[in-house]
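Chains as they are written, first to last, in our numbering: chain F, 4 to 645; chain Z, 99 to 358.
Beneath this line is the structure, given in structure tokens, with notes to follow.
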């Protein structure tokens, strides 16, 4: 490679990163005031892009007017999202809000798919297609415009934040919404304003980015993921840092594409992201104070559990469990073979989700690597059974062990990370792994995928839907029993303790490092087991089977099912796998319905679906115990209990 | 440094950047003794406790506990040595019940490993029964029996304080460090808490090192007192002596104030 192409690579990287930076700025504006990572930013931006496209090519409005209208739409979308969906979720754990934005994203892209279909559109640029050449480097006018707009937006945002009363209110709110409220700042207005601003920035991003690339319903989502990585790399607190992060990421990508090979770019990029976060856990430009702000992500909804008290431990619980087990066992006789296969996948997903219940539900560590570990286990099992000729059980054990080892390897650098930083570090792993699998094509068959042999136990072939169903059910039961045993022991208590208060857990003798890593390992092993079962029940795997989105949905399933609940993992898996299947008949609308269902659960069942009976019971058992708590205490003073 | 002392600290220093939070503090706590430390905000009291328990890294000085060197140990290994602590702003394990909180206090006393817990082996079950029995015993002693299965975050503040106390003594430590136990309690509650601490100290033969702003609370609770200001010890001795020492009077009541 000669110098010219390197320079060109760097320059286009800067332009690309700058444009991504616009998307990133919208993410930061919302994050700074609400601590919510907005997954809907890409889709809102995409909708504005389509409005722009229609206004320019069909209505033939002047460019400036069209952009203005798109920006207004963006702001309006932001306002509606905040008022309608996020405001009612304020008292709940932050993760609910994050999953809600994911649901919004699904609804928006579902609507867009219905209206525009999966096609690419060319959005005209206001400055035409020409460009300038400096030496061997060429730059389109659109790119120059993008750089200029990004610079101006950063400047304006910084001025707004540092020099105006509104900015002061926003900064105060991001430090502590409660204190800001006590000081007379209208916190709700600040939140709404951030969403409006963020929506407007998204529209602007669409106006800048789509003429350079193209417009379809997915492009902004893809770019958003890269923007997320850039934002976290730069530190979630600083505007300039975020843009610097996205620019850095793009430049490194281009340089790697030139000098290494395109196929290894993303695994290397992932390593760079991981390494950066290990060295600077708050991002390159981030500030330390953010740690406390992100802690709220794992705040727990409070409340006793009349249902749990009713079920207690004794006979009632046992009989309820055995009833469920009997239903599970006979289900294949009651439903058709297609449903049986789908339910098999539900049990397998439940195993992976159970892993996240341990990691996120018990210890509060958020991970977006679960599908990655599942893929690792799937391939490991396929290789061990086909290439090495071991029986199915060998593959299953190997999958668990290898995934566990990788879990340990990922857990060590992640020890100091929390919240969104941890999310991105783990996401990087889940993102780079499929690419790595595809690249190791002599071992894995690359994009052609691999076949997984039918499972067998001690020489007995388990072919046919029902046999596989029972296999998955039995493995799930074993996994649930194991996790339940751990949860009940001093190990489970140590996990919950460190989630709630690290200092107190340490003072009580809990070695935080060991227990955090243990959670990582157990979680990854369960994903590995799920992956192995997938290989041998579906009989085909490819790098595209285990994507980042699967990881996100597993996390959503944990929240939907009920965060630290083991039955919740099963309910979450049922929701995750079966709802799309049940509404598959409605074609393009299935995303909208799925997203809507997700929103309904998050809004009306803050403790997940397994918490619903409790909520209902609470409606009827208002008095009694609670009254006792506030009136008859020997020592406490209720006035101080808040 | 007296060799007989349970806890002996000599010339302890903790600096945060240019701030000398603890600047050459020496103190001792004998077996079964109750020692109080008073001092205004920022005097370095909490930093001292953090340094003893491994949460803050000392820049100089020595400390020994029961004859063994104490400094440089990880926070999670301190309780195994026999030192338990509470926190200034309650640090309870929310989402867990009272009895579970106390059982975490017994974490260091048992050895159930991952494998035996995973399969719920007989040894794990035995351990679990022992922990539960011991936790119930502690709850009885502190008077928390009726709150046993309540989630801690739903309890009144005073009860929460007792849960933290129960959690700290569950492992039968030899030294208990109390960081502002009386903060946020009213006079009546303070009296109750002091009584509880006295009872526990007597039945456990436990040494207590307690810090607080509340001079009366400390005075009644302690056999001996230290007064701190600006990271140094400004007076030491019997409560009455410390409270009438001129530097203490000055730092509490301002320059030129007479004896109380």
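Note that the Cβ used here is the ideal one computed from N, Cα and C, for glycine as well.
Contacts that residue 453 of chain F makes with chain Z (C-beta to C-beta distance below 9 Å): Here residue 453 of chain F corresponds to residue number 450 of the first chain, with the count starting at 1. Chain-order list of chain Z residues neighbouring residue 453 of chain F: empty, with the shortest C-beta distance near 31 Å, by a criterion of under 9 Å.
Distance, Cα to Cα, residue 51 of chain F vs residue 230 of chain Z? In the first chain, residue 51 of chain F corresponds to position 48, counting from 1. In the second chain, residue 230 of chain Z corresponds to position 132, counting from 1. Approximately 60 Å, taken between the alpha carbons.
Considering only C-alpha positions, which residue in the set Z:122, Z:160 and Z:143 is nearest to residue 105 of chain Z? What you label residue 105 of chain Z is simply residue 7 of the second chain in a count that begins at 1. Out of Z:122, Z:160 and Z:143, Z:160 has the C-alpha closest to the C-alpha of residue 105 of chain Z.
Determine the chain Z residues that contact residue 499 of chain F at a beta-carbon separation under 7 Å, and present them in chain order. In the first chain, the residue the question calls residue 499 of chain F occupies position 496. Within chain Z, the residues near residue 499 of chain F are 191, 193 and 194.
Given a cut-off of 8 Å, decide if residue 492 of chain F and residue 226 of chain Z are closer than it, judged by their beta-carbon atoms. Here residue 226 of chain Z is taken as the residue at index 128 of the second chain, counted from 1. Here residue 492 of chain F is taken as the residue at index 489 of the first chain, counted from 1. Between residue 226 of chain Z and residue 492 of chain F, the C-beta gap is smaller than 8 Å, which places the two residues in contact.
Okay, do the region 224-239 of chain F and the region 26-39 of chain F touch, 3+ Cβ pairs below 8 Å being the bar? When Cβ pairs closer than 8 Å are counted between the two stretches, the region 224-239 of chain F is seen to touch the region 26-39 of chain F, the count reaching three or more.
According to DSSP, residues forming a beta bridge with residue 274 of chain Z: Numbered from 1 along the second chain, position 176 holds the residue referred to as residue 274 of chain Z. Z:182 and Z:306.
Any beta carbon from chain F within less than 8 Å of residue 318 of chain Z's own beta carbon? Translated into the one-based positions of the second chain, residue 318 of chain Z becomes position 220. So, not an interface residue.
Applying a beta-carbon distance threshold of less than 7 Å, which residues of chain Z neighbour residue 570 of chain F? Locating residue 570 of chain F in the first chain gives position 567, where the first residue counts as 1. Going along chain Z, no residue has its Cβ under 7 Å from residue 570 of chain F, so there is no contact; the nearest lies around 17 Å.
Quick check on DSSP: helix, strand or coil for residue 111 of chain Z? Along the second chain, read from residue 1 onward, the residue named residue 111 of chain Z stands at position 13. If DSSP states are grouped into helix, strand and coil, residue 111 of chain Z belongs with the strands.
Quick one: grab the DSSP three-state call for residue 315 of chain F. Here the question's residue 315 of chain F lines up with position 312 in the first chain. With a pLDDT of 45 at residue 315 of chain F, under the threshold of 50, the modelled position of that residue is not reliable, and the figure given next carries that caveat. Three-state DSSP puts residue 315 of chain F in coil, outside helix and strand.
Within chain Z, the residues that residue 606 of chain F reaches when beta carbons sit closer than 8 Å: Within the first chain, the letter at position 603 stands for residue 606 of chain F. In chain Z, no part has a C-beta under 8 Å from the C-beta of residue 606 of chain F; the shortest such distance is about 22 Å.
If you drop the 5 nearest sequence neighbours on each side, which residues of the same chain put their C-beta closer than 6 Å to that of residue 43 of chain F? Within the first chain, numbered from 1, the residue matching residue 43 of chain F stands at position 40. Exclusion of the five residues before and after residue 43 of chain F leaves 104, 107 and 108 as the residues of its chain whose Cβ lies within less than 6 Å of its Cβ.
Taking the CB atoms as reference points, tell me whether residue 241 of chain F and residue 36 of chain F lie closer together than 8 Å. The count along the first chain starts at 1 and reaches residue 241 of chain F at position 238. The count along the first chain starts at 1 and reaches residue 36 of chain F at position 33. Against a cut-off of 8 Å, the Cβ pair of residue 36 of chain F and residue 241 of chain F comes out as no contact.
For the region 82-116 of chain F, which residues have a CB atom closer than 9 Å to at least one CB atom of chain Z, in sequence order? For the region 82-116 of chain F, which is checked against every Cβ of chain Z, not one residue is closer than 9 Å.
Per-residue contacts from residue 206 of chain Z into chain F (C-beta, under 9 Å): In the second chain, residue 206 of chain Z corresponds to position 108, counting from 1. Against chain F, the beta carbon of residue 206 of chain Z has neighbours under 9 Å at 511, 512 and 513, listed in chain order.
Bounding residues of the beta strand (DSSP E) (the contiguous stretch that carries residue 125 of chain Z): Taking the first residue of the second chain as 1, we reach residue 125 of chain Z at position 27. Its beta strand (DSSP E) spans residues 117-127.
For residue 545 of chain F, which three-state DSSP category applies? Within the first chain, numbered from 1, the residue matching residue 545 of chain F stands at position 542. Under the three-state reduction of DSSP, residue 545 of chain F is assigned to coil, being neither helix nor strand.
Provide the residue span of the beta strand (DSSP E) that contains residue 199 of chain Z, from first to last. As a working mapping, residue 199 of chain Z is identified with position 101 in the second chain. Where residue 199 of chain Z is concerned, there is no enclosing beta strand (DSSP E), although the alpha helix (DSSP H) it sits in stretches over 196-202.
Pick from F:350, F:364, F:341 and F:260: whose alpha carbon is nearest that of residue 519 of chain F? For the purposes of this step, residue 519 of chain F is taken as residue 516 along the first chain, with counting starting at 1. For the options F:350, F:364, F:341 and F:260, the alpha carbon positioned closest to that of residue 519 of chain F is the one of F:364.
Which residues, in order along the region 174-191 of chain Z, keep a beta-carbon less than 8 Å from a beta-carbon of chain F? Flagged, chain order: 174, 175, 176, 177, 178, 182, 183, 185, 189, 190 and 191.
Can you give me the Cβ contacts of residue 190 of chain Z inside the same chain, cut-off strictly under 7 Å, excluding the 5 residues immediately before and after it? Taking the second chain and counting its residues from 1, the one referred to as residue 190 of chain Z is at position 92. Take residue 190 of chain Z, set aside five residues on each side of it, and the residues of its chain with a beta-carbon closer than 7 Å to its own are 199, 250, 258, 261 and 262, in chain order.
Which class does residue 84 of chain F belong to by DSSP, given the choice of helix, strand or coil? On the first chain, residue 84 of chain F is found 81 positions in, with the first residue counted as 1. In this structure, residue 84 of chain F counts as helix in the three-state DSSP scheme.
Return the chain-ordered ranges of every alpha helix (DSSP H) run that is complete within the region 128-168 of chain F and spans a minimum of 4 residues. Runs found: 144-166.
Under 9 Å Cβ-Cβ, which residues of chain F neighbour residue 226 of chain Z? Reading the second chain from its first residue, position 128 is the one you call residue 226 of chain Z. What residue 226 of chain Z touches in chain F, judged by beta-carbon distance under 9 Å, is 491, 492 and 493, going in chain order.
Give me whichever residues DSSP pairs with residue 148 of chain Z in a beta bridge. Indexing the second chain from 1 puts residue 148 of chain Z at position 50. Residue 148 of chain Z is not bridged to any residue.
Quick one: which unbroken alpha helix (DSSP H) runs of 4-plus residues sit fully inside the region 465-502 of chain F? Chain order, please. With a minimum length of 4 residues, the unbroken runs of alpha helix (DSSP H) contained wholly in the region 465-502 of chain F fall at 468-491.
Cβ of residue 133 of chain Z within 8 Å of Cβ of residue 327 of chain Z? Stepping through the second chain from its first residue, residue 133 of chain Z is reached at position 35. Stepping through the second chain from its first residue, residue 327 of chain Z is reached at position 229. Not a contact, by the Cβ cut-off of 8 Å.
Rounded to the nearest angstrom, how far is the Cβ of residue 402 of chain F from that of residue 206 of chain F, given a contact under 8 Å? Residue 402 of chain F sits at position 399 when you count from the first residue of the first chain. Residue 206 of chain F sits at position 203 when you count from the first residue of the first chain. Not really, about 46 Å apart at Cβ, beyond 8 Å.
With distances taken Cα to Cα, identify the nearest neighbour of residue 244 of chain F among F:255, F:285 and F:530. Position 241 of the first chain, counting from 1, holds the residue named residue 244 of chain F. Put simply, of F:255, F:285 and F:530 the residue whose alpha carbon is nearest the alpha carbon of residue 244 of chain F is F:285.
Closer than 8 Å, Cβ to Cβ, to anything on chain Z: give me those residues from the region 417-450 of chain F, in chain order. So nothing in the stretch comes that close.
Nearest to residue 78 of chain F by alpha carbon, out of F:196, F:367, F:239 and F:16? As a working note, residue 78 of chain F is residue 75 in the first chain. Shortest Cα-Cα distance from residue 78 of chain F to any of F:196, F:367, F:239 and F:16 involves F:196.
Run through the region 577-622 of chain F for me and flag every whole alpha helix (DSSP H) of 4 or more residues, listed as ranges in chain order. Entirely contained in the region 577-622 of chain F, the alpha helix (DSSP H) runs reaching 4 residues are, in chain order, 593-607.
Spatial neighbours of residue 545 of chain F in its chain, beta-carbon cut-off 6 Å, leaving aside the 5 residues before and after: The residue you call residue 545 of chain F lines up with position 542 of the first chain. Excluding positions up to five away in sequence, the list reads 452.
Using 8 Å for Cβ pairs, my map puts residue 323 of chain F next to residue 369 of chain F. What's the rounded Cβ distance? As a working mapping, residue 323 of chain F is identified with position 320 in the first chain. As a working mapping, residue 369 of chain F is identified with position 366 in the first chain. So it is not a contact: roughly 31 Å between Cβ atoms.
Using a Cβ-Cβ distance under 8 Å, would residue 168 of chain Z count as near chain F? The residue given as residue 168 of chain Z occupies position 70 in the second chain. Chain F, which has no Cβ nearer than 8 Å to the Cβ of residue 168 of chain Z, makes this no.
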